[in-house]
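Inspection log for the structure reproduced underneath, given as C-alpha cells.
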Amino acid sequence: MASIGTGYDQSTSTFSPDGRIFQVEYAVKAVDTSGSTAIGVKCVDGVVLAVEKSLVSKMMVHNTHKRIFHLDEHIGMAVSGVQADARNVMNRGRGEATQYRSTYGDAIPGDVIATRLAGYMHLHTMYWWLRPFGTSVLIGSYDQDGPQLHDVDPSGLSYRHFAAAVGKAKTAAKSQLEKLPLSTLTCRQAVPELAKIMYSIHDDLKEKTFEIEISWVCEESGKKHTHIPADLLTSAVAAGKAAKEAEE
Amino acid sequence: MFAQPADDPRKNTLRPMVTGTSAIGIKYKGGVMVATDTIACYGNWIRYKDVQRIHAVSKDTLIAMNGEMSDYQKVLQILEQKRLAEYCVDDGSTQTSAELHSYLTRVMYQKRCKFDPLWNMLLVGGFRNGEAYLGYTDLYGTHFEDNFLATGLGMYMALPLMRNQWTPEMSEADARALLQMALKICYYRDTRASNKVQIARVDASGVHIDEPITLQGEWNHARFVEGGAKSGDGGW
Amino acid sequence: MFGMANDFTHREIMDPMSVMHTARQLGSASICDVDLSQPVSLGTSIMAVEFDGGVVCGADSRTSTGSYIANRVSDKITALDEQIYTMRSGSAADTQAVSDYVRYYLDMHRNQTQKPTAVKTAAKLVSMLLYENKSMLMGEMIVAGWDAHNGGQVYKCAMGGSLIRRPYSTGGSGSIFIAAHCEHTFRPGMTRQQAIDFVDNALRLAMASDGSSGGSVRKVVIDASGVERTYTGGVF
Chain S
13 MASIGTGYDQ STSTFSPDGR IFQVEYAVKA VDTSGSTAIG VKCVDGVVLA VEKSLVSKMM
73 VHNTHKRIFH LDEHIGMAVS GVQADARNVM NRGRGEATQY RSTYGDAIPG DVIATRLAGY
133 MHLHTMYWWL RPFGTSVLIG SYDQDGPQLH DVDPSGLSYR HFAAAVGKAK TAAKSQLEKL
193 PLSTLTCRQA VPELAKIMYS IHDDLKEKTF EIEISWVCEE SGKKHTHIPA DLLTSAVAAG
253 KAAKEAEE
Chain E
629 MFAQPADDPR KNTLRPMVTG TSAIGIKYKG GVMVATDTIA CYGNWIRYKD VQRIHAVSKD
689 TLIAMNGEMS DYQKVLQILE QKRLAEYCVD DGSTQTSAEL HSYLTRVMYQ KRCKFDPLWN
749 MLLVGGFRNG EAYLGYTDLY GTHFEDNFLA TGLGMYMALP LMRNQWTPEM SEADARALLQ
809 MALKICYYRD TRASNKVQIA RVDASGVHID EPITLQGEWN HARFVEGGAK SGDGGW
Chain D
42 MFGMANDFTH REIMDPMSVM HTARQLGSAS ICDVDLSQPV SLGTSIMAVE FDGGVVCGAD
102 SRTSTGSYIA NRVSDKITAL DEQIYTMRSG SAADTQAVSD YVRYYLDMHR NQTQKPTAVK
162 TAAKLVSMLL YENKSMLMGE MIVAGWDAHN GGQVYKCAMG GSLIRRPYST GGSGSIFIAA
222 HCEHTFRPGM TRQQAIDFVD NALRLAMASD GSSGGSVRKV VIDASGVERT YTGGVF
C-alpha cells in the first residue's frame, strides 16, 4: 500500500492514476487482518471446509460464533473476514438457493451459486454509495455433477479449486494444501490433515486460545452439508495438536 | 364435493381441475396412520392412476391430500422451502407437527382471503416424544385436531365407521385394518375413488410410506351373484 | 366491436372462418352481434413415451377452429432446448406463448450454467407458468426429453399447473379415445422401436376416432445421440 491516499482511495467508483481501486484492496486487507483463516479441500467423495477462529471471550456460549453456514442442504459456506459482512453474503446465498429451487425445481449447482455471489460482491465495488464486503468465502457443494469447491473474494473474483485458503494465513495454508494428494484424498482422510494445517499455521504468540470448526458435504453425509461428527472432530483436533507438538 | 371443470376456465378462477379424493387418518397406540388412494381425476375421468397423495414434510410429519393436485404441489413446495430454511438455521431444532399444521393453516387462510384458495383439504400427521398428532386444514383455513379424521366424501363414509370402532388403545395392526375397511367403503361408494391405496404412518422410528396395495372388496355375496333374477326389477 | 377490452384474450375468434360461421348462424344479423365470449376449442392428439435410453414424442398435425381446419400440417412438437421438446394441447395461442417464454428462460439458464438443462427444469418452468396464470391459460403440455443424469423423461404439465412424471403421457381431445388402448398396450422398458410403434399405433387410433385430430403423424425421437424427426403424411 505504498501509494495510500492521494485522494483516490475514498471510493470504489474511481480508479487511481495507476489503475487501482483502493477500496477493494483495503477490503481484501480487512479479510487478512480479521484474524481467521478458512480452508477447503475438494476430495474424491466430497468437500471438506475448515475454519480457525479465536475465542473472543471466555464467557461466550459455545458454538455461537459459527463461521461455517448452510446455504442449502447441499451447499456449505466457510467465511473469513468481517463477520457481519459475511452474514450478509450468507443471506444472499440462501436467497439465491431458494429462488433457484422454486424456479427450476432443482438444487442450485455449485458453480451457479458461486457465480451469483461473485456478481453480488462485485456489485458492491461499483457504486460510491456501497462499501465492498470485507469478507472472502469458500463454497463447498455437492450437486448432480459431483463435489465442487469455489472461493469468492471482495473484488467479486471467483475460481473453482481443488484446494483453497482464504483469510489471515492463506499463504501458509496454501503451501501446505499443495502437499496433499488431492487427486486421491477422501473426506475422512482430509479432516485430520486440515486440522493439522490449522494448528501449524496458527500463531501461538498472538493468541493462545482458538477453535476449529469443520464441516463436509460428501457421500458419507448423504451429499448434505453438515458439521462433521463430534468424535471425528475430537480426533482431528488431537491429531492437529500432536503434529504441532512433534514439530516443536 | 368438488365442482366439475368449468366449460370456460378463463371465466372462472376458482375451480379444481385435477383432483384427488378422500384422505383418512387415525391415531393409534404409538403412532399415527394416514391413507389415500392413488388416483387423480380430471372431472370424472380417472386420468392418473399412480399418483402419490401422501408426502413426508419433515422427519416426523406427513401430510395427506384431497382436492386440486397443482395446489397440493404448491403446498409441498412451500413446506419444503420452510424445511430448508430451518436446516440452514442449524440449531438442532425442527418444527413439530402442531407448528407445521398451524403454519399451513395460516397459508391456507391467507390464500382464501385473497379469493384465490389452495383448493385442498389436508391432514397433518405426526409423532414426537411419544405423542401422536393428527390435524386437519382446508381451503378456508379451518384448523382442528382429532383422534381420527377424514376429508372429502370420506367425511360421510369413513368417519361414522371410525367413530364406532376407534379406541385409544388400538395397535398398529388394528389401525391398519380400520383404515383399510374405511378405504374399502370409499371405494364402493365414491366414483372418484380407487381400490389401489397407500397407507403411511409416523411412529417413534420416523415416517414410513408403504408401497401401494390393492384392496379386493367383497363382490361374491350369494345375493350379489344371484342378482335380480327373482325380484326381477333390476335391483335386489 | 373488435376493439372491446377482452378481444386480446379471445383472439382466436378473429379467425375469419369462425366469425363467418357464427354470423351465418345469426342469420341476417350484422357481424357486430358476434358473441366474442364464445371460446374456440382446438383439438389435438399428442403423446410421449419413455423407452430404454430416450423418449418418443408424437403428434397429429391438425389445428382446427370450430369445424374448419385452420392448418392441416401444423407442427405441435416444439423444441424447448436441444434435447427437450414440448407437445401442446388446448389453446394454440396460450401454449405457444408459454413455450416461447420457457424457451427464452432455458436459453438464459443454459447461458448461465454452461451445460445442458435438465428435462425436469423445463417441465417445472412450464408448469409454473401454467400454475401461476391458471385463470388465464387453457392448455395442457407434455414435456419430454433426454438429459445425461436422468435419461429419457416424460412430464405431464396438466391443466391447473400440476406436474406429474409418467412413463408415458397422452394429451388433447384425441387422448380420451385411446386412454384404455394405451393402458393396455404399454409395457415398461420398451425398446426404441417398440416405443415408436406404440406411439404410432395410438396416434392413428386417436386420429381415426377424433374429428378434431388428423392429417399427418409427426414423431420426434430423442436419446443420447440426438434428435430424429419423422413425418408420415396423410394418415387420416
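Protein chains in written order, with my numbering: chain S, 13 to 260; chain E, 629 to 864; chain D, 42 to 277. For every residue, glycine included, the Cβ atom is placed at its ideal position computed from N, Cα and C. Fair warning: this is a prediction, and the values are worked out from it, not measured in the lab.
| query | result |
| --- | --- |
| Please classify residue 696 of chain E as buried or exposed, where buried requires at least 16 neighbouring CB atoms within 10 angstroms. | buried |
| At the level of alpha carbons, what is the spacing between residue 755 of chain E and residue 86 of chain D? | 47 Å |
| Give the secondary structure of residue 852 of chain E by DSSP, where H, G and I count as helix, E and B as strand, and everything else as coil. | helix |
| Taking the beta carbon of residue 154 of chain S as the centre, do at least 16 other beta carbons fall within 10 Å, making it buried, or is it exposed? | buried |
| Which residue's Cα is closest to the Cα of residue 173 of chain S: S:63, S:101, S:126 and S:247? | S:126 |
| Does the beta-carbon of residue 209 of chain S have 16 or more other beta-carbons within 10 angstroms, so that it is buried, or is it exposed? | buried |
| Does the beta-carbon distance from residue 128 of chain D to residue 89 of chain D come in below 8 Å? | yes |
| If you follow the beta strand (DSSP E) that residue 272 of chain D is in, where does it begin and where does it stop? | 267-273 |
| For residue 160 of chain S, would you say it is in contact with chain D, using Cβ-to-Cβ distances shorter than 8 Å as the test? | no |
| Using a Cβ cut-off of 9 Å, pull out every chain E residue sitting near residue 172 of chain D, in sequence order please. | 698, 699, 701 and 702 |
| Can you tell which of S:238, S:239, S:245 and S:252 has the C-alpha that lies nearest to the C-alpha of residue 212 of chain S? | S:252 |
| Taking DSSP as the reference, what is the three-state secondary structure of residue 703 of chain E? | helix |
| Listed from N- to C-terminal order along the chain, which residues in the segment 136-158 of chain D have their beta-carbon within a distance smaller than 9 Å of any beta-carbon of chain S? | 146, 150, 153, 154, 155, 156 and 158 |
| Could you name the residues of the same chain whose beta carbon sits closer than 7 Å to that of residue 230 of chain D, not counting the 5 residues immediately before and after it, in chain order? | 93 |
| Indicate whether residue 789 of chain E and residue 818 of chain E have their beta-carbon atoms separated by less than 8 Å. | no |
| So if DSSP puts residue 664 of chain E in a beta bridge, which residue, or which two residues, is it bridged to? | E:651 and E:826 |
| Taking 8 Å as the threshold (C-beta atoms), are residue 131 of chain D and residue 180 of chain D in contact? | yes |
| Taking 8 Å as the threshold, find out whether the segment 109-116 of chain S comes into contact with the segment 55-75 of chain S through three or more Cβ pairs. | no |
| At a Cβ threshold of 8 Å, is residue 168 of chain S touching chain D? | no |
| State the CB to CB distance for the pair residue 244 of chain D and residue 99 of chain D, rounded to an integer number of angstroms; the pair is presumed to be in contact (CB under 8 Å). | 5 Å |
| So who's on the other strand from residue 128 of chain D, going by DSSP bridges? | D:118 and D:183 |
| Quick check: what's the CA-CA separation for residue 829 of chain E versus residue 120 of chain D? | 43 Å |
| Would you mind telling me which residues of chain D sit closer than 7 Å to residue 749 of chain E, beta carbon to beta carbon, in chain order? | Those within 7 Å of residue 749 of chain E in chain D number zero; the least Cβ separation is about 16 Å. |
| List, in chain order, every chain E residue whose beta-carbon is nearer than 7 Å to that of residue 84 of chain S. | 712 |
| Could you give the first and the last residue of the continuous beta strand (DSSP E) run that contains residue 90 of chain D? | 87-92 |
| Just to confirm the assignment: which complete alpha helix (DSSP H) runs, minimum length 4, are found wholly within the segment 196-260 of chain D? | 216-226 and 233-250 |
| Let me make sure I understand the geometry here. Which of E:784, E:856 and E:853 has the alpha-carbon closest to that of residue 814 of chain E? | E:784 |
| Name, please, each residue of chain D whose Cβ falls closer than 9 Å to the Cβ of residue 645 of chain E. | 175, 199, 200, 201, 202 and 203 |
| To test your reading of the DSSP string, which unbroken alpha helix (DSSP H) runs of 4 or more residues are found completely within the segment 763-825 of chain E? | 782-793 and 800-817 |
| In angstroms with no decimal places, state the Cα-to-Cα distance between residue 79 of chain S and residue 206 of chain S. | 16 Å |
| Using a threshold of 8 Å, state whether the C-beta atoms of residue 266 of chain D and residue 698 of chain E are closer than that. | no |
| Please return the same chain residues whose Cβ sits closer than 7 Å to the Cβ of residue 67 of chain S, not counting the five positions on each side in sequence. | 221, 222 and 223 |
| Here's a check: name, in chain order, each residue in its chain whose Cβ is nearer than 6 Å to the Cβ of residue 835 of chain E, leaving out the five neighbours to either side. | 684 and 690 |
| Can you tell me where the alpha helix (DSSP H) with residue 213 of chain S in it begins and where it stops? | 199-213 |
| Counting only C-beta atoms, is residue 20 of chain S closer than 8 Å to chain D at any point? | no |
| State the DSSP-derived secondary structure class of residue 74 of chain D, mapped to helix, strand or coil. | With a pLDDT of only 39 at residue 74 of chain D, under 50, the local geometry of the prediction cannot be trusted, and no value is derived from it. |
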